[in-house]
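**Q** Each residue of the sequence shown is one higher than the last, beginning at 984 in the numbering used here.
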Amino acid sequence: MSDASQGLRLYNTLTRTKEDFVPIDPRNVRMYVCGPTVYDFAHIGNARPVIVFDVLFRLLRHLHGETHVTYVRNITDVDDKINARALRDFGGEIASGALSLNEAIRRVTEKTADQFHRDVATLGCLEPTVEPRATEFVEPRADGKADMITLIQSLIGRGHAYVAAGEVLFDTASMPDYGQLSKRNLDEQQAGARIAVDAHKKNPGDFVLWKLSSPEEPGWQSPWGRGRPGWHIECSAMSAAYLGEVFDIHGGGLDLIFPHHENEIAQSRCAHGTSVMANVWMHNGFLQVEGQKMSKSLGNFYSIHELLETDTFGGRKWPGDVLRLAMLMTHYREPIDFSVRKLEEAENTLRKWKRAADLAPAAGSQLPVEVVEALSDDLATYAAFQQLTQLAGEATDFDGSGDNAAAVALKTALTFLGFDIGATKVDETVVAKGIAERLTLIAAKNWTEADRVRDELLAQGVQLKDGKDPVTGERVTTWEIKR
984 MSDASQGLRL
994 YNTLTRTKED
1004 FVPIDPRNVR
1014 MYVCGPTVYD
1024 FAHIGNARPV
1034 IVFDVLFRLL
1044 RHLHGETHVT
1054 YVRNITDVDD
1064 KINARALRDF
1074 GGEIASGALS
1084 LNEAIRRVTE
1094 KTADQFHRDV
1104 ATLGCLEPTV
1114 EPRATEFVEP
1124 RADGKADMIT
1134 LIQSLIGRGH
1144 AYVAAGEVLF
1154 DTASMPDYGQ
1164 LSKRNLDEQQ
1174 AGARIAVDAH
1184 KKNPGDFVLW
1194 KLSSPEEPGW
1204 QSPWGRGRPG
1214 WHIECSAMSA
1224 AYLGEVFDIH
1234 GGGLDLIFPH
1244 HENEIAQSRC
1254 AHGTSVMANV
1264 WMHNGFLQVE
1274 GQKMSKSLGN
1284 FYSIHELLET
1294 DTFGGRKWPG
1304 DVLRLAMLMT
1314 HYREPIDFSV
1324 RKLEEAENTL
1334 RKWKRAADLA
1344 PAAGSQLPVE
1354 VVEALSDDLA
1364 TYAAFQQLTQ
1374 LAGEATDFDG
1384 SGDNAAAVAL
1394 KTALTFLGFD
1404 IGATKVDETV
1414 VAKGIAERLT
1424 LIAAKNWTEA
1434 DRVRDELLAQ
1444 GVQLKDGKDP
1454 VTGERVTTWE
1464 IKR
């Protein structure tokens, strides 16, 4: 365990302050992050929390030991759209008993869940310690882990929930300090995102814990009839199942503060009788695309898969580590403008870092202290990257005497941060196109533009060498990777 573990400070949305991080149990630091709803491919907005909390996961493992951190990121596969598709595609098999509802949902969501896993792996993210699926925690479990139906029963028994019009609703008035996370009082509350305000509610802000399913809709058997859970109860059950009634860190996007995280807190605290659900609540900022809110109607809605595998954004595919760096160049709590220019900046920065890191034969065993200190200040990635740029300069200026310690330190830090540090890769098609363009410019005596093309290739690690064909005497250009 590193001595630096005492220096970790994190911004807590619950208190609106940056605090020293003191784990409940230093030998089992516990973190929960809301994962994707696998109805469709994950979009780039979904990528930001995955990347941000991957960095925190890596830092916690460095500070406390790899085996002393439990990171839970769920898969939400309980969703009315998913359920409807499962019924449409496998209704006959479900009705005959040949296929359970959970099995049908698994078939519907397998493709998108698998694609999500491939995408985030390409983004350099580690697998979480546990990745539960919501469908596995609806009904009481044989292993005794927390489940949604049992939690709802506990809320009813403690006077925090009631049955009305075929639904089980959380009674927000039963919790005097409801609204602490979002800083909204009950008079300001509106219904949760997935329900309408109905006359059967005691309060407008009361939200659904369980709703009945019609004979045509998928559902699970419960004490309140055949139905399905509300959105918020899912994460309360899955976090309790693997992290306990109170744990260290809960993370997610800023858009989840209300109603999702607020209602998670209400359910969990009232079901377990605890004063908190998680000690630290962390939220990453919003993401825009080229200065606009991401929206399908605006035509700027991109999946992670599209950016990695197609030319739909900026006319080209983008490497996973370029997307990763572009996401981390802005502090996680700040809004980010995701743009082609930002990706190009990230690509150029990575190229310089990797060229310098290539000067080291292997990564070392010790992370640069300055990088750890920067990340320990509420994941100050920008400050950490400044250290990487300094190391790259020192590695490149190395005079050859002894070991290139800066290159080793840089390679170690890049590895730790999840970047691909293989040898510098060059797209030979791009190089050939650049050489042809430059030769055309030289023939036209456009020296300024010819120098521009040469310099752009040099920035990509490609050094051009001009010469003459010994037979024809014509100008020829060769190239090599600049170390």
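Each residue gets a CB set at the ideal place from its N, CA and C atoms; glycine is no exception.
Within its chain, find whatever has a CB closer than 6 Å to the CB of Ser-1251; leave out the 5 residues flanking it on each side and keep chain order.
**A** For Ser-1251, where only same-chain residues beyond five positions count, the Cβ hits under 6 Å are Ser-1219, Met-1260.
**Q** Roughly how many angstroms lie between the CA atoms of Tyr-1473 and His-1314, to the nearest whole one?
**A** Residue coverage of the chain in this structure runs from 984 to 1466, which leaves residue 1473 outside it and unanswerable.
**Q** So what's Ala-1426 in DSSP terms, helix, strand or just coil?
**A** Ala-1426: helix per DSSP, three-state reduction.
**Q** Our contact map puts Val-1323 next to Gly-1347 with C-beta atoms below 8 Å; I'd like the distance itself, whole angstroms only.
**A** Actually they do not touch by this definition, with Cβ atoms about 35 Å apart.
**Q** With DSSP collapsed to three states, give me the class of Ile-1007.
**A** The answer is coil: DSSP assigns Ile-1007 none of H, G, I, E or B.
**Q** Nearest to Cys-1017 by alpha carbon, out of Tyr-994, Ile-1216, Thr-1155, His-1183?
**A** Ranking Tyr-994, Ile-1216, Thr-1155, His-1183 by Cα distance to Cys-1017 puts Ile-1216 first.
**Q** Going by DSSP, what residue range makes up the beta strand (DSSP E) through Asp-1361?
**A** No beta strand (DSSP E) holds Asp-1361; DSSP gives it neither H nor E.
**Q** Cβ atoms of Ala-1117 and Ile-1058: under 8 Å apart, would you say?
**A** Yes, the Cβ-Cβ distance between Ile-1058 and Ala-1117 is below 8 Å.
**Q** Taking its Cβ as the centre, do 16 or more other Cβ atoms sit within 10 Å of Ala-1179, making it buried, or is it exposed?
**A** Caution is warranted here: a pLDDT of 48 is assigned to Ala-1179, below 50, making its placement in the model unreliable, and the coordinate value is therefore given only provisionally. Exposed: under 16 other Cβ atoms inside 10 Å.
**Q** With H, G and I counted as helix, E and B as strand and the rest as coil, what does DSSP make of Ser-1258?
**A** Note: Ser-1258 maps to coil in three-state DSSP.
**Q** Beta-carbon within less than 7 Å of Ser-1197's beta-carbon, same chain only, minus the 5 sequence neighbours each way: which residues are those?
**A** Once the five neighbours on either side are set aside, Ser-1197 has no close Cβ partner at all.
**Q** What residues in its chain sit with their C-beta under 7 Å from that of Arg-1044, if we drop five residues either side in the sequence?
**A** Within the same chain, Arg-1044 has close Cβ partners Val-1052.
**Q** Thinking C-alpha only, which one of Asn-1429, Ala-1433, Asn-995, Ala-1148 is nearest Lys-1194?
**A** Answer by Cα proximity: Ala-1148.
**Q** DSSP three-state call for Ser-1197: helix, strand or coil?
**A** If DSSP states are grouped into helix, strand and coil, Ser-1197 belongs with coil.
**Q** Do you know how far the Cα of Leu-993 is from the Cα of Asp-1037?
**A** When rounded, the distance between both Cα atoms is 15 Å.
**Q** Taking only three categories from DSSP, how would you classify Ala-1081?
**A** Note: Ala-1081 maps to coil in three-state DSSP.
**Q** Just to confirm before moving on: does the CB-CB distance between Thr-1020 and Asp-1062 stay below 8 Å?
**A** In contact: Thr-1020 and Asp-1062 (Cβ atoms closer than 8 Å).
**Q** On the DSSP bridge list, what partners appear for Leu-1270?
**A** In DSSP, Leu-1270 forms a bridge with Ile-1319.
**Q** Could you tell me which residues DSSP pairs with Gln-1275 in its beta bridges?
**A** DSSP output for Gln-1275 lists Val-1272 as bridge partner(s).
**Q** State buried or exposed for His-1266, treating a residue as buried only when at least 16 other CB atoms are found within 10 Å of its CB.
**A** The residue is buried, with at least 16 neighbouring Cβ atoms inside 10 Å.
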